[in-house]
Ligand SMILES: Nc1ncnc2c1ncn2[C@@H]1O[C@H](COP(=O)(O)OP(=O)(O)O)[C@@H](O)[C@H]1O
Ligand SMILES: [Mg+2]
């Protein structure tokens, strides 16, 4: 859970995010959310326009979470932190996300060596994590975005085959040092046989 006092997104006196089914039990909400996102991921290819810009990221978030939260596909409107790490000020999300997305140029990326591509991918993941554009679901949205990007560059990554704790710890460390995240990505990305 995020450390937010008096969040505008939770039920009064609770840390449970307001949701479309009005589930007020944290565990039940988590289970519903996890199942729904897994199902939504299985149908995403039909629904998303891969434009590699802010609209693309918002479309992934909207698709994954639209049955669960009203804020699906929308930037957060409050500041959040986790374990004393404060994510970007919410007022700057729109502008900062555009800056991050401007770095993605598929034709340029196709020219990079594998090692340089992995460094680039790691930086985008870290940028998106530090920005944390959505109130919940940033990790899953980012990983799907990266999966699609790598696929279009001729590579495959299956984040579900990687130990979640390992991804989590590497991404936390990456805000100061990306070495571990880069190594993890290097091990996990395969060239697609076409
Ligand atoms: N202390 C932290 N410092 C930096 N990043 C963190 C920290 N704790 C969690 N994160 C990042 O936040 C992500 C979780 O964001 P969240 O919005 O809950 O998305 P999801 O539930 O889809 O994983 C983690 O995957 C991790 O990358
Ligand atoms: Mg989460």
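Numbering (my numbering), first residue to last: 1 to 194.
Yeah, the Cβ is synthetic: ideal placement off N, Cα and C, and Gly gets one too.
{"Asked": "Start-to-end residues for the alpha helix (DSSP H) that takes in residue 190", "Found": "Segment 189 to 191 is the beta strand (DSSP E) holding residue 190; no alpha helix (DSSP H) there."}
{"Asked": "Short Cβ contact (8 Å threshold) for residue 184 with residue 153", "Found": "no"}
{"Asked": "beta-carbon residue 213 near ligand 1 non-hydrogen atom, thresh 7 Å", "Found": "The chain is shown only over 1 to 194; residue 213 falls outside these bounds and no answer can be derived."}
{"Asked": "Rounded separation between residue 164 and residue 189 - CA only", "Found": "16 Å"}
{"Asked": "Sub-8 Å separation of residue 40 and residue 64 beta-carbons", "Found": "yes"}
{"Asked": "Residue 157: first and last residue of the uninterrupted beta strand (DSSP E) it sits in", "Found": "155 to 157"}
{"Asked": "Beta-bridge partners of residue 78, as assigned by DSSP", "Found": "In the DSSP output, where bridge partners are listed per residue, residue 78 has none listed."}
{"Asked": "Beta-carbon proximity check, residue 90 vs residue 68, cutoff 8 Å", "Found": "no"}
{"Asked": "Buried versus exposed, by CB contacts within 10 Å (16 or more), residue 145", "Found": "buried"}
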